[in-house]
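Have a look at the structure below before the remarks.
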Amino acid sequence: MESFALHSLSATTTFSTSLYTRNSLLHRSPGPISITKSSSTAHSLSTIRSSTQKPLLFSPFHNKNKIFTSKSRILALDQESKDSPLSKSAEKPTPSLKGAKLIPLLISVSIGLIVRFAVPKPIEVTPQAWQLLSIFLSTIAGLVLSPLPVGAWAFLGLTTSVVTRTLAFSTAFSAFTSEVIWLIVISFFFARGFVKTGLGDRIATYFVKWLGKSTLGLSYGLTLSEALIAPAMPSTTARAGGIFLPIIKSLSLSAGSKPGDTSSKKLGSYLVQSQFQCSSSSSALFLTAAAQNLLCLKLAEELGVIISSPWVSWFKAASLPALFSILATPLILYKLYPPETKDTPDAPAVAAKKLETMGPVTRNEWIMVGTMVLAVSLWVFGDALGIPSVVAAMIGLSMLLLLGVLDWDDCLIEKSAWDTLVWFAVLVGMAGQLTNLGVVTWMSSCVAKVLQSVSLSWPAAFGILQASYFLIHYLFASQTGHVGALYSAFLAMHVAAGVPGILAALALAFNTNLFGAITHYSSGQAAVYYGAGYVDLPDVFKMGFIMALINAIIWGVTGTFWWKFLGLY
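The opening position of the sequence shown corresponds to residue 1 in UniProt numbering, with each subsequent residue numbered one higher.
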């Protein structure tokens, strides 16, 4: 998920990859990378890949059975002696400190207490609304500072709102029945189906076979295959960790490009950087390509900005600037961040060999194709047929379960889905109540007065607010967390400043995808790609900032004319 749901890499690759903590992301050993989970929603995709029957030629195998030297035998014997009952009885257990991190906890709680008791309450805001705002700000601070895993901290915020009688129990838990949140949860299961069946890997391999004779062609093949898969696999992180990074790593290793080494510049650095930057536009292209897209439209609806035929309307508005960005990004990076290896003549042959080894398309892959075609069709034409998007997703998941592509255990072990259900529902519920209690309206009116005092036209206010919303993401480690915290407030500010509501809602949503590639912690896929070890931290920030400016130009220029043509303003 585009959030704290940070997936580890496939077990079929040579190097084991999960996620760094935010601190460990700043340091990297020169050898193969092994990364630990950094959030409560971090979940390994390796179990999915290990269940896939077909071997992957792009994922070089090696024997993991270690041959012990005499020294290691001594260490093993010493460990056995430590594990003996006699040894254990003589040892004093060392208590491990668990629970909340003290300093982040104090800061997060202090922010809420200061707002509640030290900041004067505006006359326009009720005591209940002001108290909820303080709890909400404390919850958001905890999402940034991480005193506890995100789901646990969100639950504490929910509990506080009920214990202090700020919200009734039924009101506090009302968002757990949200259609959008359950659509996001089901999207995790669809992503698992893509990886488990190997369908996503097969599609990407075909593009490598067709376009992979040069490094630039290879990048376009991977990028276009992600754009093709995106509408039916609504998790950028799952696409990165389960499909594209394993292929990129294997291709890079076969070309002698190793992570954490000077040889990384041969091929791996460019492919990782290109795929990482293009994934943002792929996620922005379709409503169902990322979880945060659905959340944006849900929050917009609560503010009275309702988009008819949302799937089609989203695609029409995003199509021209997103496709332009997808086609331009690999070429721009090829010039700004060039690979040392320009030609990859062996890649198509390796891809053809892999497809031969995979064999014909399996029954489960065909079922996955049919289910996704049905789901996407219902998402596109659901309004005309009277079938909500979540019901279409439920039908698709039911088919996968009935036909054995997924089993219930696959759903149960998708921890990131259930974790997302909890913290998404908490954020959406609090944000909705802040709107109902008039807090968002009060904030937007204050901003509108400031903008009017300096005589800003709505296009100027639009540019300032969009840039502010984008740049604030340097403080967030989650796209969905950013949306839950700020989307409603910024959309209300846009509307108060005279910006057309649908234009503001869609532009903020598109920006939510684009800022997922500005840092190594800005999104789930960011941590996955950075964790591969091919791109140095300074290059992540440098190229992230440069591509952010380029995307601002692409989306600003093409969007101005295209959205005018579509009648959005």
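Virtual Cβ for every residue (Gly too), placed ideally from N, Cα, C.
Span of the alpha helix (DSSP H) around residue i
i	result
residue 112	102-113
residue 246	245-254
residue 516	Where residue 516 is concerned, there is no enclosing alpha helix (DSSP H), given that its DSSP letter is neither H nor E.
residue 215	215-229
residue 310	310-336
residue 419	415-436
residue 198	Where residue 198 is concerned, there is no enclosing alpha helix (DSSP H), given that its DSSP letter is neither H nor E.
residue 546	537-565
residue 354	347-358
Proximity below 7 angstroms, CB of residue i to CB of residue j
i	j	result
residue 255	residue 341	yes
residue 477	residue 280	no
residue 278	residue 509	no
residue 485	residue 176	no
residue 142	residue 108	yes
residue 337	residue 216	no
residue 204	residue 225	yes
residue 570	residue 479	Residue 570 falls outside the range modelled here, since the chain spans only 1 to 569, and no answer is possible.
residue 299	residue 469	no
residue 201	residue 140	no
residue 391	residue 294	no
residue 502	residue 307	yes
residue 292	residue 483	yes
residue 317	residue 506	yes
residue 339	residue 245	no
residue 371	residue 404	no
residue 434	residue 440	yes
residue 272	residue 548	no
residue 234	residue 288	yes
For residue i, the nearest candidate out of the options (CA to CA)
i	options	result
residue 304	432, 144, 446 and 116	432
residue 276	302, 313 and 236	236
residue 375	324, 417, 422 and 230	230
residue 400	550, 365, 121 and 415	365
residue 315	191, 192, 379 and 491	379
residue 172	385, 430 and 446	430
residue 499	244, 457, 372 and 120	457
residue 144	536, 473, 513 and 564	473
residue 133	181, 117, 232 and 454	117
residue 545	475, 532, 504 and 471	471
residue 555	536, 514 and 567	514
residue 568	313, 475, 407 and 461	313
8 angstroms contact criterion, which residue i and residue j should meet: CB distance rounded
i	j	result
residue 186	residue 368	Contact doesn't hold; Cβ gap of about 14 angstroms is too wide.
residue 348	residue 249	That belief does not hold up - the Cβ atoms of residue 348 and residue 249 are roughly 18 angstroms apart, past 8 angstroms.
residue 183	residue 389	6 angstroms
residue 104	residue 138	Rounded, the Cβ-Cβ distance is 11 angstroms, inconsistent with contact.
residue 552	residue 497	That pair is no contact at about 19 angstroms.
residue 362	residue 197	7 angstroms
residue 493	residue 453	Between residue 453 and residue 493 the Cβ distance is about 14 angstroms, and since that is not below 8 angstroms, they are no contact.
residue 373	residue 154	The Cβ separation is near 35 angstroms, so there is no contact.
Own chain residues within Cβ distance below 7 angstroms of residue i, not counting five before or after
i	result
residue 135	112, 157, 160, 161 and 166
residue 264	257, 258 and 534
residue 227	282, 285 and 326
residue 442	122, 124 and 125
residue 558	320, 321 and 324
residue 53	Confidence is the limiting factor: at residue 53 the pLDDT is only 41, short of 50, which leaves the residue's position unreliable, though a coordinate-based value still follows. Here the set comprises nothing.
residue 351	205, 208, 209 and 212
residue 490	465, 469 and 508
Residues near residue i in its chain [Cβ-Cβ closer than 6 angstroms; skip 5 each side]
i	result
residue 562	320
residue 520	25, 526, 530 and 540
residue 309	383
Check: residue i C-beta below 6 angstroms from any heavy atom of the ligand SAH
i	result
residue 539	In the structure on display, the ligand SAH does not appear, and there are no ligands present to speak of.
Cβ-based neighbour list, residue i, same chain, cut-off 8 angstroms, excluding 5 preceding and 5 following
i	result
residue 223	274, 275, 278, 282, 326, 329 and 330
residue 131	116, 164 and 166
residue 438	124, 125, 126 and 129
residue 170	none
Residue i at chain B interface by Cβ criterion, 7 angstroms
i	result
residue 297	Chain labels in this structure do not include chain B; a single protein chain is all it has.
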